[in-house]
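Undergrad:
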Amino acid sequence: MKLDNLPKLIQSELLKLPESLLAHIQRARCVGKEISSMHGIDFFSVDLAIATHDLAKNLNGKELIDGCKKMCIEISSDYLLVPKLLHGPLAAAWLKYKFGVSDEYVIDAVKYHTTGYPNMNPVAKVVFLADKLDKEKIKRNPKLEKVLSVVETDLDGAILAYMNILIESLVDQNFIIHPYSIACRNYLLQKNEF
Ligand SMILES: [Fe+2]
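Listed below in structure tokens is the structure:
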């Protein structure tokens, strides 16, 4: 995927990221292209969101908290318990206020790409899944094959499958689960009666 399809300001921000992170973003953009074409979802919005979703990923917890304060983002206590989860909300604020992106689907897709959220918009669903279905992530965690196997036919089913894997793994490691992830899973279960 070429960077020059993206706005110049965003291209220059991407080029400041570590090579491994940029490589993940590029792989996720390819996955996003496939999923958006499978489901007829606007590729321009999907691609802009995937290209920018990890712009703040390289910051540590303190830098993320400071960055959020600078952007006047209200930080709930759930985020303070796992500050690395703030990289989505911070990148979303940068998109809106530094890069002048007005597409709320793109902004929400970036904001919720790690935790998920109930009733995500179609762009956010694709971005969420493309991030998780980076081929290198599947190699590291073969359980993700389950998500890959349903993504062509059922976006909600794929997100639910991912949430089950995520939550199980967080419980196994005795880690905190962000309430948005639980709420996302509950929403999908109720909506689709899986
Ligand atoms: Fe990512």
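Add 117 to a position in the sequence shown, counting from 1, and you land on the number used in the working numbering. Note that the Cβ used here is the ideal one computed from N, Cα and C, for glycine as well. The model shown is predicted, which means the values in this text are computed figures rather than measured ones.
I need the boundaries of the alpha helix (DSSP H) containing Gly149, first residue and last residue.
TA: Element bounds for Gly149: Glu136 to His156.
Undergrad: Mind checking which residues open and close the alpha helix (DSSP H) that includes Met125?
TA: According to the sequence displayed, residue 125 carries Lys and not Met. That run of the alpha helix (DSSP H) goes Lys125 to Leu131.
Undergrad: Would you mind stating whether Pro206 and Lys242 have Cβ atoms separated by less than 7 Å?
TA: no
Undergrad: Going by C-alpha distance, which of Phe245, Val218 and Ile224 is nearest Thr231?
TA: Phe245
Undergrad: Do you know offhand how far Asn291's Cα is from Asp121's?
TA: 42 Å
Undergrad: Thinking just about the alpha-carbon of each residue, which of Ala208, Leu265 and Lys179 is nearest to the one in Met155?
TA: Leu265
Undergrad: Just the Cα atoms here: how many angstroms apart are Leu172 and Leu198?
TA: 21 Å
Undergrad: With distances taken from each beta carbon to the nearest heavy atom of ligand 1, which residues come in below 6 Å, in chain order?
TA: His141, Ala145, His170, Asp171 and Asp248
Undergrad: Straight-line CA distance for Lys187 to Leu138?
TA: 24 Å
Undergrad: For Ser298, tell me which candidate among Met280, Gln128 and Glu130 has the shortest Cα-Cα distance.
TA: Met280
Undergrad: Going by the CB atoms, is the gap between Ile224 and Ala209 shorter than 7 Å?
TA: yes
Undergrad: Could you check what DSSP says for Ala275 in three-state terms: helix, strand or coil?
TA: helix
Undergrad: Between the alpha carbons of Cys185 and Ala166, how many angstroms are there, rounded?
TA: As the crow flies, the alpha-carbon of Cys185 is around 19 Å from that of Ala166.
Undergrad: Are the Cβ atoms of Val218 and Val163 separated by less than 7 Å?
TA: Between Val218 and Val163, the C-beta gap is not smaller than 7 Å, which leaves the two residues out of contact.
Undergrad: Which of helix, strand or coil does DSSP assign to Lys228?
TA: Lys228 falls in the helix class under three-state DSSP.
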